[in-house]
Amino acid sequence: MNYIEGLIKQYLFYSDDSSYSVIKVEIIDTNELDLLHFEPTVIVCGFFPRLDALHRYRFFGEVTNHPKYGVQYNANRFERLMEKTREGIIDYLSSDLFKGIGPKTAENIVDFLGEDTLDQIANNPDVLNNVPLMNEKKKNIIETNIIKNRQVESTLVWLYGFQISPKMAMKIYSHYGFSAIDIIKTNPYILMDDIEGIGFKRADEIGLKIGFSFDNPLRIKAVISYLLIEYMNKYGDTFLLKERLVAYTLSYLNVSEDFYIEESQIFDMLDVLASENKIIYQEDKISLTHLFYAEKGISNYVFQLNEIKEESFDLDLIETYISDFEKLSFIEYTPIQRLAIKTALEKHFVIITGGPGTGKTTIINGIVHVYKLMHQNDLSIRSKIKLAAPTGKAAKRLKEATNMEVTTIHRLLGLDYEGHFTFNEHNKIEASLVVIDEASMLDVLLAKQLFRSIQLRTKVIIVGDDNQLPSVGPGQVLTDLLESDLFPVVKLNKIHRQAYDSSIISLAYDILNQNLSENLIQNNEDRKFIRSNDSLVSSVVLKVIQEAINEGFDLQEDIQVLVPMYKGINGIDHLNQLIQERFNKQHLSHKITNGDKTFCFNDKVLQLVNQPEDSIMNGDLGVVVGIIEDKEMLVDFSGNQVKYNVKDFDNLALAYAISIHKSQGSEFKIVILPLVRSYTIMLKRKLLYTAVTRAKEKLIMIGDYSALRQGVSGQEVPRNTLLKSFLSQVESNHLSENLLTIEDFL
């Protein structure tokens, strides 16, 4: 195959729309004999992303003689030659494989020895003796580890050249071994399936850099998967109509007049994805296979749980135990609350729903107390009661209320550092009672893992507020279970008397009931509405934070700004920057930056992805407690300190302001809620209701009354899911089986 290798000398033309490039390249190597008779440079033309002048490239194509522009090289693909890049070697030498060697030392070594640094050291470690600031200890570390890691070196250095973090590079190497480079060069998009944390954009960046064309079938297939996953994650649906998916894909791919993807190519790749069992067709509905079987699995598991016969208990004795608990706890249950406790104890699978102030946590406490009394002859009964919630914050709240051990659902299921669950359908959780709080946050994947890990003999109680936002991930498990009408449900609709005085709770119910009275912006001791123009909202937010700090509230623990959008002058990104600059200014010089992300010592941060190897999950809040040179930082998540390389910063964001979705399962003493007209496309009733109910002591709304009114009147678009239809099918099949049994008997 004909090729030329060289360095980029000059860009003569580049189209942002089509990526068509005309580049002057200095020839370093070629098997094109005709080019040897011309100048040491050649004009290369082709479709590829903007290339980096610091790196060496190999272009594949053919020499042409243009009548106007003369000799050119028309490249149909290219490859970035990265085995020995300066940046890759520096990253390699300063990675965790070389403890005690920082970026500055690594840079000194490479600047002194050049791009064959690693070969020189491997052949003769004494070459390090002349490197500035080198000492014997560092020399021994480098020498020992280069020899020890010689086999993995080329793979890691190659991966580092794509701006992949050391942790991610090691994850890739651990998965593929010595074949990593060959596998990725053959199909970089396989990383999307095999490596947690690498999505389409990163895989596509690698693919395009090593020479994959924009219309490569593997890329088209990857784009379809990417768009389907993005759609499910953005809108929470578990299927998409085929017509819409095809339209999305064509719109994404056909961004230039220079090449055009046909519908038939999309259909072909859909068939390939189906044959690979990555998607499932149901008439005109297309689902990701893992989501399809998650909902199907949930329907089977919960139906089986619901079919278990009720326990036989002395109802009078239950009443006595409830009354005893009331006296012990100085509370008085309403009739509906007593009904919820009795139903939960009598039935095998029960759902309890209710809004703020209806006493859900108090009911859980009563259920657990009475259940222990009913099984007091079992000395191990306490250990057989499992309480869990989707987030650490929610688990901590429930633990404080019940004085019982409460874990996150992930911990209950035994999630290990490699992302695998200990408990599943083959290894069930040993429990006699499982209570799941904040169940509105359950997405279909977590719900499937949960229900399939529970033994059929285990009593299950699901507690949640179905008026809150559905899960961040795909599905609406709680809503679909409720709307199926197949399970015992107790709906708490009376506010407990202790909550009567909360104007925050009354506002929450006003929002649900679309009560648009002026009471919505009435100022109370625990709730305020500060009118402000859009352009001044951010400055008012800063002022309110300062006032709260002056009153003794802590910015890290007590105060949270909740915002529905990321972009704009009142978006999450800009507000975080302003708050960081204003309230962490004493540490602005102690910072670390990568790309557009800057973190300072003592910054409040948010984890954006599950990171089971470090025991942290999407949505966890932490504080930056250490910055190591300009390369790494330490983040403390409630006592769990995790190290981040600068190339891992995509996993983190500042958290002074976070999205309302990310706040689910948490409560804060003070919630500051900007409400501006630019948010109106996002503001909906459940979103507002969820934001308001995050506030424990004070709620400060800032902005425009019309934006609040828009949110109160706005209704979320229902999610498209399959769970309810699967539940209906399971019920129908069950009835049919019973009828057959009766007919056979007759």
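Residue 1 is where the sequence shown starts when you use my numbering, and the numbers rise one by one after that.
The beta-carbon is built from N, C-alpha and C at its ideal position, and this holds for glycine as well.
Source: prediction; values computed, not measured.
Straight-line gap, residue i to residue j (C-alpha atoms, nearest Å)
| i | j | result |
| --- | --- | --- |
| Asn594 | Glu716 | 37 Å |
| Asp614 | Asp620 | 12 Å |
| Leu740 | Thr391 | Residue placement at Leu740 cannot be trusted, given a pLDDT of 43 that sits under 50; what the coordinates show is reported in the next sentence. About 45 Å. |
| Phe553 | Pro470 | 30 Å |
| Ile184 | Val223 | 17 Å |
| Val22 | Gly46 | 7 Å |
| Asn733 | Gln282 | 19 Å |
| Thr407 | Leu446 | 15 Å |
| Phe13 | Ala53 | 15 Å |
| Gly102 | Ala401 | 47 Å |
| Thr334 | Tyr371 | 19 Å |
| Tyr260 | Ile198 | 27 Å |
| Glu143 | Ile109 | 13 Å |
| Lys209 | Phe200 | 14 Å |
| His348 | Lys386 | 15 Å |
| Ala653 | Leu608 | 7 Å |
| Lys342 | Lys494 | 17 Å |
| Glu731 | Gly297 | 14 Å |
| Ile436 | Tyr252 | 40 Å |
Residue i beta carbon near the ligand ADP (any heavy atom closer than 8 Å)
| i | result |
| --- | --- |
| Ser713 | Absence of the ligand ADP from the depicted structure is noted, as is the absence of any ligand whatsoever, leaving it without description. |
Host beta strand (DSSP E) of residue i (start-end)
| i | result |
| --- | --- |
| Arg531 | Arg527 to Arg531 |
| Asp636 | Glu632 to Phe637 |
| Val460 | Lys459 to Gly464 |
| Gln560 | Ile559 to Val563 |
| Glu5 | Tyr3 to Tyr14 |
| Gln607 | Lys604 to Gln607 |
| Ala653 | Leu652 to Leu654 |
| Arg202 | Run containing Arg202: none in the beta strand (DSSP E); it sits in the alpha helix (DSSP H), Phe200 to Lys209. |
Among the options, the one whose alpha carbon lies nearest that of residue i
| i | options | result |
| --- | --- | --- |
| Ser154 | Gly665, Tyr92, Ser21 and Asn602 | Tyr92 |
| Ile147 | Gly102, Phe98 and Leu113 | Phe98 |
| Asn533 | Arg677, Thr422, His290 and Ser323 | Arg677 |
| Ile331 | Thr361, Lys139 and Val22 | Thr361 |
| Gln455 | Glu107, Gln304 and Asn135 | Gln304 |
| Tyr823 | Ser179, Ile195, Ile198 and Ala203 | Here the chain comprises residues numbered 1 to 746, so residue 823 is not present and cannot be evaluated. |
| Ile505 | Tyr689, Leu588 and Ile198 | Tyr689 |
| Val25 | Ser15, Lys68, Ala75 and Asn65 | Ala75 |
| Thr680 | Ile700, Ala707, Leu687 and Ser659 | Ala707 |
| Gly100 | Lys631, Ile308 and Asn2 | Lys631 |
| Phe214 | His175, Val255 and Lys234 | Val255 |
| Asp416 | Leu575, Arg397, Asn610 and Met232 | Asn610 |
| Leu507 | Ala394, Gly419 and Arg709 | Arg709 |
| Gln10 | Arg50, Asn640 and His587 | Arg50 |
| Ile4 | Asp126, Tyr73 and Phe421 | Tyr73 |
| Asp271 | Glu295, Ala294 and Lys242 | Lys242 |
Reduced DSSP category for residue i - H, G, I as helix; E, B as strand; rest coil
| i | result |
| --- | --- |
| Met701 | strand |
| Leu536 | helix |
| Glu26 | strand |
| Ser659 | strand |
| Ala749 | The structure shown does not extend to residue 749, since the chain spans only 1 to 746, so no value can be given for it. |
| Pro674 | strand |
| Gln715 | coil |
| Ala395 | helix |
| Val255 | coil |
| Ile742 | Interpretation of Ile742 is limited by its pLDDT of 37, a score under 50 that renders its predicted location unreliable; no figure is taken from the coordinates. |
| Gln282 | strand |
| Glu136 | helix |
| Val472 | coil |
| Phe726 | helix |
| Ala439 | helix |
First through last residue of the alpha helix (DSSP H) which encompasses residue i
| i | result |
| --- | --- |
| Gln120 | Thr117 to Asn123 |
| Arg382 | Segment: none, Arg382 is in no alpha helix (DSSP H) and carries neither H nor E. |
| Gly88 | Arg86 to Leu93 |
Residue-chain proximity (residue i, chain C), Cβ-Cβ < 9 Å
| i | result |
| --- | --- |
| His734 | Judged by its chain identifiers, the structure shown contains no chain C, having just a single protein chain. |
**OP:** Determine contact between the region 520 to 527 and the region 554 to 562, defined as no fewer than three beta-carbon pairs at a distance below 8 Å.
**Re:** Below 8 Å, too few C-beta pairs join the region 520 to 527 and the region 554 to 562 to call them touching: fewer than three.
Original post:
Does the region 453 to 463 come within contact of the region 350 to 359, defined as at least 3 CB pairs closer than 8 Å?
Top reply: Yes, the region 453 to 463 touches the region 350 to 359.
**OP:** Say whether the region 689 to 699 touches the region 669 to 681, bearing in mind that this needs 3 or more beta-carbon pairs closer than 8 Å, one atom from each stretch.
**Re:** Enough Cβ pairs lie closer than 8 Å, so yes.
Subject >> the region 704 to 716 / the region 221 to 228 touching (three or more Cβ pairs under 8 Å) >> reply: Under the Cβ criterion (8 Å, minimum of three pairs), the region 704 to 716 does not count as touching the region 221 to 228.
**OP:** Take every Cβ of the region 55 to 70, pair it with every Cβ of the region 104 to 118, and state whether three or more of those distances are shorter than 8 Å.
**Re:** Judged by Cβ distances under 8 Å, the region 55 to 70 makes no contact with the region 104 to 118, as fewer than three pairs qualify.
Subject >> the region 596 to 605 touching the region 621 to 631, judged by at least three CB pairs closer than 8 Å >> reply: The region 596 to 605 vs the region 621 to 631: in contact.
Original post:
Counting pairs of beta carbons, one from the region 410 to 426 and one from the region 363 to 379, are three or more of them closer than 8 Å?
Top reply: Segments in contact, no.
**OP:** Evaluate contact between the region 122 to 139 and the region 158 to 166, counting only Cβ atoms and requiring at least three cross-stretch pairs below 8 Å.
**Re:** By the Cβ test, the region 122 to 139 is not in contact with the region 158 to 166, since fewer than three Cβ pairs between them sit closer than 8 Å.
**OP:** Mind the definition here: the region 567 to 580 touches the region 638 to 657 only if three or more C-beta pairs lie below 8 Å; say whether that holds.
**Re:** Using a C-beta cut-off of 8 Å, the region 567 to 580 makes contact with the region 638 to 657, since at least three inter-stretch Cβ pairs fall below that distance.
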